[in-house]
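Numbering (mature numbering (1 follows the signal peptide of the UniProt record, and there is no 0)), first residue to last: -26 to -1, 1 to 150.
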């Protein structure tokens, strides 16, 4: 079957309409779904931030199958950088046990120096404000709507996150 330009346009329009008419995902963040009662109650176990630190708290909504999800922490800072090079901060995310509770809190005690690639920048290129992440091991955490994810960072540092979903299909490895 041969498709004409009109056929491609109709397929494109149908795809766009189907995407626009989709209902919100169960992971859509709305204020009334931000936290479960259990997650809110468990937040009491975490100490307030020390002087010079900020405490970020992530509450995940309860969903039916939490086993196929992971949370990626992306920690960094908004800074002025050149638009050409790739920049990152040096830092180490520590897992710290909350005494008496068995919960884990995450801590970056200090942000190391910013570094990056060394590509030449044209003299007339203005600096841009960008989120520059901490480089290092990726923090993929288990999705758990019953416990908040609590991250302590130096003041001025931001904590972002992404939700990763596993595919329902699994592949079998080859024996070699």
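Ideal Cβ placement from N, Cα and C applies to all residues, glycine included.
{"query": "Whole-angstrom distance between residue 86 and residue 144, CA atom to CA atom", "result": "39 Å"}
{"query": "Contact under 8 Å by Cβ, residue 31 with residue 131", "result": "no"}
{"query": "Three-state secondary structure (DSSP) of residue 15", "result": "helix"}
{"query": "Local conformation of residue 107 per DSSP, three classes", "result": "strand"}
{"query": "Alpha-carbon to alpha-carbon, residue 14 and residue 38", "result": "19 Å"}
{"query": "C-alpha gap between residue 28 and residue 79, whole angstroms", "result": "13 Å"}
{"query": "Residue 96 burial status per 10 Å Cβ neighbour count (16 or more: buried)", "result": "exposed"}
{"query": "First through last residue of the beta strand (DSSP E) which encompasses residue 113", "result": "113 to 116"}
{"query": "Helix, strand or coil at residue 150 [DSSP, three-state]", "result": "coil"}
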